[in-house]
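Enquirer: Quick one: this structure, given as structure tokens, is what I'll be asking you about.
Numbering (our numbering), first residue to last: -5 to 157.
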């Protein structure tokens, strides 16, 4: 079983507990359209099956900073991205969660990815966030920051990172 070797840090007090002592009721699954989303969904579904948790599949469309003349073109791109994410969510849910009696939500949010993931997790009182992490070098991470790094540092719940 996936839990045989898992310990969970409770979010800052450095108390480690086994997963059997940790009830997971709500899982936020943050995905994009990369291949890594498959692994993220596989890991999240394994946890959900073991705990009968609700699954909240989310994606965040980062809103571009546009000048007024580019606004119409930019909003069209946002609508296309939202439709792509909705189709991607449906495919992931059908592939990984079909036939299981779980409560499943699917949302596409707009804004800063780490802020939106964190606020959504807080809003639904998530027990776990599952997301992927792209392998950036030190320079790229310094310049770009990392969504997964920001979420890990600021989440009020546990975070599972798939690589």
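Virtual Cβ for every residue (Gly too), placed ideally from N, Cα, C.
Using a Cβ-Cβ cut-off of 6 Å (strictly less than) and excluding sequence neighbours within five positions of residue 101, which residues of its own chain qualify?
Expert: Result list for residue 101: 52, in chain order.
Enquirer: Going by the C-beta, is residue 96 closer than 7 Å to any heavy atom of the ligand FAD?
Expert: Of ligands this structure carries none, so the ligand FAD is not represented either.
Enquirer: In whole angstroms, what is the alpha-carbon distance linking residue 54 and residue 31?
Expert: Taking the straight line joining both Cα atoms gives about 13 Å.
Enquirer: Applying the 10 Å Cβ sphere with the 16-neighbour rule, what's the burial state of residue 42?
Expert: The residue is buried, with at least 16 neighbouring Cβ atoms inside 10 Å.
Enquirer: Should the stretch 105 to 121 be called in touch with the stretch 16 to 25, which here means at least 3 C-beta pairs below 8 Å?
Expert: In short, these stretches touch, since the Cβ pair count reaches three.
Enquirer: Which of the three DSSP states is assigned to residue 118 in this structure?
Expert: In this structure, residue 118 counts as helix in the three-state DSSP scheme.
Enquirer: Taking just the CA atoms, how far does residue 113 sit from residue 29?
Expert: The alpha-carbon atoms of residue 29 and residue 113 are separated by roughly 25 Å.
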